[in-house]
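K.L.:
Start counting the sequence shown at 7; every next residue gets the next number (the numbering used here).
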Amino acid sequence: MRILFITGEYPSMQGGVGDYTRQLSRALGALGADVHVLTHADAGGDYLRVPVAAYEPTVYPIMAQTRWQLWGYVMRMIKDLRPHVVHIQYQSAAYGLHPAINYLPRRLRLMRRRPRIVTTFHDLRVPYIFPKAGFLRWQAVLALARGSDASVITNPADWLRLAGANLAPRLLPIPIGSNIWREPPADFDRPRQRARWGAAPDDWLLAYFGFLNPNKGGETLIRALAELVRAGKGAVDRFHLGRGSFGQPAGDRLRGVALSRRRVAAAWELDGGIGARFAHRQHRGVVRGPEGGGAVPVAPRWRERAPGPA
7 MRILFITGEY PSMQGGVGDY TRQLSRALGA LGADVHVLTH ADAGGDYLRV PVAAYEPTVY
67 PIMAQTRWQL WGYVMRMIKD LRPHVVHIQY QSAAYGLHPA INYLPRRLRL MRRRPRIVTT
127 FHDLRVPYIF PKAGFLRWQA VLALARGSDA SVITNPADWL RLAGANLAPR LLPIPIGSNI
187 WREPPADFDR PRQRARWGAA PDDWLLAYFG FLNPNKGGET LIRALAELVR AGKGAVDRFH
247 LGRGSFGQPA GDRLRGVALS RRRVAAAWEL DGGIGARFAH RQHRGVVRGP EGGGAVPVAP
307 RWRERAPGPA
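(1) Is Ala156 helix, strand or coil by DSSP?
(2) What are the boundary residues of the alpha helix (DSSP H) that Met69 is part of?
(3) Helix, strand or coil: which one does DSSP assign to Asp129?
(4) Taking the continuous alpha helix (DSSP H) assigned at Ile84, which residues delimit it?
(5) Report the residue from Arg176, Pro179 and Arg112 whose alpha carbon sits nearest the alpha carbon of Ala341.
(6) Within 10 angstroms of the Cβ of Leu178, are there 16 or more other Cβ atoms? Answer buried if so, exposed if not.
(7) Quick one, are the C-beta atoms of Pro175 and Thr160 less than 7 Å apart?
(8) DSSP three-state label for Gln95, please.
(9) With DSSP run on the structure shown, which of helix, strand or coil describes Thr72?
(10) Report the partner residues of Leu177 according to the DSSP bridge assignment.
(11) How far does the beta strand (DSSP E) with Asp40 in it reach, from first residue to last?
(12) Once DSSP output is grouped into helix, strand and coil, what is the label at Leu103?
(13) Ignore the nearest five residues each way along the sequence and tell me which others in Val92's own chain have a CB closer than 6 Å to its CB.
(14) Taking only the alpha-carbon atoms, compute the straight-line gap between Asp40 and Phe141 and give it to the nearest angstrom.
(15) Strictly by DSSP, which residues pair up with Val124?
(16) Kindly give me the distance between the Cβ atoms of Pro63 and Val43, rounded to whole angstroms, as I take these residues to be in contact under 8 Å.
(17) Rounding to the nearest angstrom, what Cα-Cα distance links Trp210 and Asp164 in this structure?
(18) Quick one: Cα of Arg118 to Cα of Ser157, how far?
(19) What is the rounded straight-line gap between the Cα of Tyr16 and the Cα of Ala230?
Next up, the structure:
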């Protein structure tokens with residue numbers, strides 16, 4: 007089976023959708039599928055040049071932008087590859103919040119011998135999909151789901167939203183698991199890693215996995231720690247800030263919260279690219295970071311809405 011993935015992001019670009027696509031491509035390739043990935047021109051680097059797994063998909067980082075010209079990129083790839091399945095990885099921000107990807111299945115259905123169309127919906131929460139478009143936003147989501155032969159839904163809230171639009175027979179609930187290697191490498195030295203992060207043997211480390219974006223829980227974590235400090239139940243000595251689409255003002259937000267006895271270590275912000283390299287290390291490398299040093303993982307908390315259009 008020949009599969010063509012379409013994704014607006016792919017390593018070494020920031021974002022979990024790209025990394026998920028890579029892991030899924032590897033797994034399908036290991037099962038014997040012929041996997042190809044059409045993605046943004048910003049993808050590349052060692053992720054394309056140096057294979058680190060038994061199977062790596064063939065990647066085409068040629069999409070200069072993801073507006074209506076996206077259709078042309080896809081049609082040319084289908085003509086050249088003749089895939090059996092086109093699998094769209096949908097997260098609106100990865101396509102610049104543009105609806106071209108939403109209506110792509112309608113265009114593909116006009117082909118005489120079209121491939122099957124599958125869409126994985128990664129994020130249907132309101133703040134990230136045309137946030138001011140209201141009714142039009144929901145219609146664009148429905149167009150993508152109705153135009154697909156099948157849709158992979160990653161969480162119960164999104165399943166309820168689309169099932170309420172009479173799409174339940176086409177929906178496949180498949181949660182996305184962790185893509186971080188849990189076992190540390192053979193040469194791993196936990197005390198040395200803890201020392202690297204400035205942690206004493208009896209200190210707690212909190213490793214926040216998620217961009218410091220609004221509504222993703224980072225600021226909630228900061229406020230909660232501040233409340234513990236004010237209540238005399240703990241002290242925050244250091245905060246490490248990563249990069250993200252809202253990373254630049256993150257330090258200002260943190261400094262605006264009353265954290266006593268703290269030292270704000272914003273090196274990832276100030277040294278351009280360090281945060282990006284950390285976030286997109288190979289998975290065995292991620293374990294070498296805070297979690298591998300005995301940190302407690304803190305995942306983003308998603309704010310869900312009630313089913314139906316917003």
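The beta carbon of each residue, even a glycine, is placed where N, CA and C say it ideally should be.
P.N.:
The relevant details are as follows:
(1) On the sequence shown, residue 156 is found 150 positions in, with the first residue counted as 1. Of the three classes helix, strand and coil, the one that applies to Ala156 here is strand, per DSSP.
(2) By 1-based counting over the sequence shown, the position of residue 69 is 63. No alpha helix (DSSP H) holds Met69; the beta strand (DSSP E) holding it covers Thr64 to Met69.
(3) Reading the sequence shown from its first residue, position 123 is the one you call residue 129. Asp129: strand per DSSP, three-state reduction.
(4) If you number the sequence shown from 1, residue 84 lands on position 78. That run of the alpha helix (DSSP H) goes Leu76 to Leu87.
(5) Since the first and last residues shown for the chain are 7 and 316, residue 341 lies out of range.
(6) In the sequence shown, counting from the first residue as 1, residue 178 sits at position 172. Classification for Leu178: exposed.
(7) The residue labelled residue 175 in the question sits at position 169 within the sequence shown. The residue labelled residue 160 in the question sits at position 154 within the sequence shown. No, they are not a contact pair.
(8) For the purposes of this step, residue 95 is taken as residue 89 along the sequence shown, with counting starting at 1. The answer is strand: DSSP assigns Gln95 an E or B state.
(9) Position 66 of the sequence shown, counted from the first residue, corresponds to residue 72. Residue state, collapsed to three classes: coil.
(10) The residue given as residue 177 occupies position 171 in the sequence shown. Paired residue(s): Ser157.
(11) On the sequence shown, position 34 is the one that residue 40 refers to. Start and end: Asp40 to His46.
(12) Translated into the one-based positions of the sequence shown, residue 103 becomes position 97. Residue state, collapsed to three classes: coil.
(13) Stepping through the sequence shown from its first residue, residue 92 is reached at position 86. Excluding positions up to five away in sequence, the list reads Leu10, Pro121 and Ile123.
(14) As a position in the sequence shown, residue 40 is number 34, starting the count at 1. As a position in the sequence shown, residue 141 is number 135, starting the count at 1. Distance between the alpha carbons of Asp40 and Phe141: 39 Å.
(15) If you number the sequence shown from 1, residue 124 lands on position 118. Answer is His93 and Ala156.
(16) In the sequence shown, the residue the question calls residue 63 occupies position 57. In the sequence shown, the residue the question calls residue 43 occupies position 37. 5 Å between Cβ atoms; contact.
(17) As a working note, residue 210 is residue 204 in the sequence shown. As a working note, residue 164 is residue 158 in the sequence shown. Cα-Cα distance, rounded: 35 Å.
(18) As a working mapping, residue 118 is identified with position 112 in the sequence shown. As a working mapping, residue 157 is identified with position 151 in the sequence shown. Taking the straight line from one Cα to the other gives about 22 Å.
(19) Here the question's residue 16 lines up with position 10 in the sequence shown. Here the question's residue 230 lines up with position 224 in the sequence shown. Cα to Cα, Tyr16 sits roughly 33 Å from Ala230.
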